[in-house]
Amino acid sequence: MSKALRLDAGGDVAAAIGLHEIIEVAAGGDIEPVPLAPDHCRELLCWRTEWIPVFDLAVWRHGPAAASGAFLAIVGYRDRDGGARARPACIRVAAFPRIVEVSDADACPLPEGGWSRIAKSCFSDGGQRVPVLSLRRVFAMPHPRTGDGNRVLRQDDAATTAGPR
Amino acid sequence: MLSKIPIDGSPAASGFLLAAFDGFSALFAQRDVSVIEQRSVLANPRDCYAEYCKGDLSVRVFSLSKGFAPLAPADRPFFFVARCRAGAFGLACDELQVVNASRVSIKAIPASLKCGESPIEGYAQFGKRVAFLCSLEAIADLLPLTDTGVVDHEQSIAA
Chain A
42 MSKALRLDAG GDVAAAIGLH EIIEVAAGGD IEPVPLAPDH CRELLCWRTE WIPVFDLAVW
102 RHGPAAASGA FLAIVGYRDR DGGARARPAC IRVAAFPRIV EVSDADACPL PEGGWSRIAK
162 SCFSDGGQRV PVLSLRRVFA MPHPRTGDGN RVLRQDDAAT TAGPR
Chain B
19 MLSKIPIDGS PAASGFLLAA FDGFSALFAQ RDVSVIEQRS VLANPRDCYA EYCKGDLSVR
79 VFSLSKGFAP LAPADRPFFF VARCRAGAFG LACDELQVVN ASRVSIKAIP ASLKCGESPI
139 EGYAQFGKRV AFLCSLEAIA DLLPLTDTGV VDHEQSIAA
């Protein structure tokens, strides 16, 4: 058994990260909108002395009309080249993240909807499929800007191979 | 800290212009700016621009929305004229100041916030305020600099 941190973004949207990737959880902060940024990643959060990107999981999944979470999960990720220091970033969630236990038997295919772009594996928790995010893919790669959250991503679904690692 | 830069030539400035638009602040390389003026000298107001004419220089002056769409200068008190390969144009704003390059630390926009059509190349922090470093070339692509879309090369920088 291993442990992961489950991030619930509201409704049917949930994902997970490693315990080592969470830095802290905030309930608010100074937000600066970024003009012309994608709907699901269009804010900078003032955290300590830095401005960090905010990824809205609910909007990414269901489009700009989705309700954004009130909690801000501050996470650390590394760029492709590794880097000496993890870069801080933020994921909006609707509830305080919680630790879940995961076993190999819980592995399952990624759900449809473009998750393979930002997730590396998936497990079942309480009957729900929970993708495990690759934070590098979430923050260190550009994502197409869509008016309807996932429209462009759905066009790619047929070409992607979903499945457990 | 408003600074007026004469048209007829000064040593190329190495700082930045910090401009406040409708709901956001932008940084521009000062070397690309040739004129800073007050709105009162603008003429011939149109739907999304007004005109600035002085000597041989005749350019359209716009303001910018949050999505970088062109707006009429309206009541914005200041404007500056920028020159780029696409042509010369003006941008009207609510606040305008020259910032020394030593005061500015530009950070790259995270990849997840990037969008192909965006003129934003980076950002800098000024106290609690964030200003976005913008490409004037990319902004020029979003503006109707002429009625026909043909660039007036006499008013653009030689490549």
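Chains as they are written, first to last, in our numbering: chain A, 42 to 206; chain B, 19 to 177. Here a beta-carbon is modelled for each residue, glycine too, at the ideal position from N, C-alpha and C. Being a predicted model, the structure only gives us computed values, none of them experimental.
In the DSSP assignment, the residues bridged to Cys-71(B) are Ser-76(B). The alpha carbon of Glu-84(A) has as its nearest neighbour, out of Leu-163(B), Leu-160(B), Phe-150(B) and Asp-159(B), the alpha carbon of Phe-150(B).
Per DSSP, the continuous alpha helix (DSSP H) segment holding Arg-178(A) begins and ends at 176–180. Cβ contact annotation for Pro-88(B) (same chain, cutoff 6 Å, sequence separation greater than five): Cys-66, Phe-80 and Leu-161, in chain order. Boundaries of the beta strand (DSSP E) harbouring Trp-92(A): 91–97, taken from the DSSP string.
In this structure Leu-114(B) touches Ala-37(B) by the C-beta definition: roughly 5 Å separates them, less than 8 Å. Scanning Asp-145(A), Val-54(A) and Ser-162(A) for the CA closest to the CA of Met-42(A) turns up Asp-145(A). When beta bridges are read from the DSSP output, Ala-160(A) appears opposite Leu-174(A). Contact between Ala-100(B) and Phe-42(B) is ruled out by a C-beta separation of about 17 Å, above the 8 Å threshold. Separation of the CB atoms of Cys-131(A) and Phe-96(A) is rounded to 7 Å, and the pair is thereby assigned contact status at 8 Å.
The residues Ala-55, Ala-57, Pro-138, Arg-139, Val-141, Asp-166 and Val-171, in chain order, have a CB closer than 7 Å to that of Arg-47(A) in the same chain once the five nearest residues on each side in sequence are set aside. Per DSSP, the continuous beta strand (DSSP E) segment holding Glu-142(A) begins and ends at 139–143. Buried is the label assigned to Cys-82(A), since at least 16 other Cβ atoms lie within 10 Å of its Cβ. At least one CB atom of chain A sits nearer than 8 Å to the CB of Gly-85(B). Legend: CB atoms of the segment 120–139 of chain B lying less than 9 Å from CB atoms of chain A belong to residues Lys-125, Ile-127, Pro-128, Ala-129, Ser-130, Leu-131, Lys-132, Cys-133, Gly-134, Glu-135, Ser-136, Pro-137 and Ile-138.
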